[in-house]
Every structure is written in C-alpha cells, then in structure tokens.
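Following: one structure in structure tokens, then a few remarks.
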Amino acid sequence: MLDFKGFFSMINAGGPAMYMLLVMSIAAVAIVIERLLFFASQHSDSKGLLRSIGQRIAADDLDGAIKICQQNKGMLPKILEFGLQRGEKNRADITDALSIALMENLNSLERNLGVIGTIAVIAPFVGLFGTVLGIIRAFQDIALKGNSTPAVVAAGVSEALITTAAGLFVAVIAVIFFNYFKTRIKAYNQEMIVAANQLAEMLHFHNTGTPIPTDLYKPSPAGSP
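For the sequence shown, position 107 matches number 281 in this note's numbering, and the numbering has no gaps at all.
Shown next as structure tokens:
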C-alpha cells in the first residue's frame, strides 16, 4: 500500500523544486499514456491492408479500395485513401499527393514528444537547483542555531539531496520513453513510406493497363496469416 503521508513529507522536504519535478513527472506520464494509446490505435497489418486494396485495384474498383481504407482505423489507411482519391492521375501526381499526406501525418506521430525530451534534459538541473537551495537553507539553519555537529549537517544535506535523486529518476524515465517512441516513430514512418510507394506503383500499373507485377492483389493462401 502506498504511503501517501511519507510521499508528501518527502515532497515538502525537497522544497519548491520537488513540486516542479512533480508537475513535470505528471506531464510526462500523461504524454506517455497518450502516445501509447495513439500507437495502439494505428493499423498493425500494412501488408494485409495493401493486399485487400490491391485486390480492389486489380478488379478496377477504386471506390471499393477507398471504402476498405475508410473501414480501417489509423493514419496509414487515411494516407492510402488520400492517394486512391487521386488514383486516375499519373504516377508523379499520386506520389506527390502521398508525400504531402505523409508529411502532414508525421507531425501527428511526433506530437508532444518534444515535451518528454525537454523534461529529460531539464529534470536533473531542476533537481540540482533544489539541492543547492536545500544546502543553503541547511547552513543557514546551522548558523542560526550555532550547532554544526555532523548529525545536524547530515540531516540538512540528506533532505537537500532528495531533489537530485528525484530529478535523476524523472530524467531516466523520460529518456527511456523518449527513445522508445523515437524508435517506434522511425519504424512506423518507414512502414508508411513503403506502403505509399507500393500503392503508387499499383495505381501506375492499373492506369497503364498492365497487370500488377506483385502478389499483393492475390488472396492469401489458405492457412497463411
């Protein structure tokens, strides 16, 4: 069971810097949860989606391909739908349209990520600032009391170091999630680029009356994923 009384005693002992770190940690946790939910809402089977779209394109049913995109959630179906709506244009125009859609959605992938990065950078400095203030306060108390025994000094310094420990903890957690999301964004962005290029190729062959030279439009063999 959480000891809330001890937790708030530690916050109070750390001084103003601890309240700043508390706000930063709450903000970081909120963004991490929002980003995890965002990525969980994205389409996870790009190959399956392209296969379904390819079948509709091969059947000369662009409206059906658009409908498939509309029935799926996430950014990738919206990007592919953007390209399909321009499916009768030449390949250069389709590629340009898909590139614009990719750039617009890249901002959604990186939304609020800079806040986590900023927290990771400044949290240790906020903790150090709190430690310096705590040590100053401890020595002022020693001067006023006229008592400089090791026990008195140790008690004051230990309270001051709370903010350093808290700042490092917040920074480490923020760095872990920042790097995790950066890696995931890079992988997902690459996946969307590949899917967009494959769609542009399929539409190009469709518009030129040439069979699509891939197996994307063919139904999956029985028993395969």
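Glycine residues also receive a C-beta, built at the ideal position from the N, C-alpha and C atoms.
| Item | Value |
| --- | --- |
| Would you mind reading off the limits of the alpha helix (DSSP H) that contains T269? | R265 to L283 |
| So L287 and F352 are in contact, right, with Cβ under 8 angstroms, and what is the actual spacing, rounded? | 7 angstroms |
| What would DSSP say about Q216, mapped onto helix, strand or coil? | coil |
| Check whether the region 254-272 and the region 376-386 are in contact - that is, three or more C-beta pairs closer than 8 angstroms. | yes |
| Quick check on the burial criterion: 16 or more other C-beta atoms within 10 angstroms. Buried or exposed for F409? | Residue 409 cannot be examined here, being either before or after the span of the chain that is shown, 175 to 399. |
| Is DSSP giving A233 helix, strand or coil here? | coil |
| Any idea what DSSP makes of I386, helix, strand or coil? | coil |
| Can S273 and E365 be called in contact, C-beta distance under 7 angstroms? | no |
| Give the secondary structure of G301 by DSSP, where H, G and I count as helix, E and B as strand, and everything else as coil. | helix |
| Does the Cβ-Cβ distance between G308 and A345 come in under 7 angstroms? | no |
| Just the C-alpha distance for C243 and A275, rounded to the nearest angstrom, thanks. | 14 angstroms |
| What's the gap between the Cα of T382 and the Cα of L250? | 25 angstroms |
| Does the beta carbon of I350 fall short of 6 angstroms from some heavy atom of the ligand PLP? | Here there are no bound small molecules, and the ligand PLP is not part of this structure. |
| Among residues of its own chain, excluding the 5 on either side of L373, which ones have a beta-carbon nearer than 6 angstroms to its beta-carbon? | L254 and G257 |
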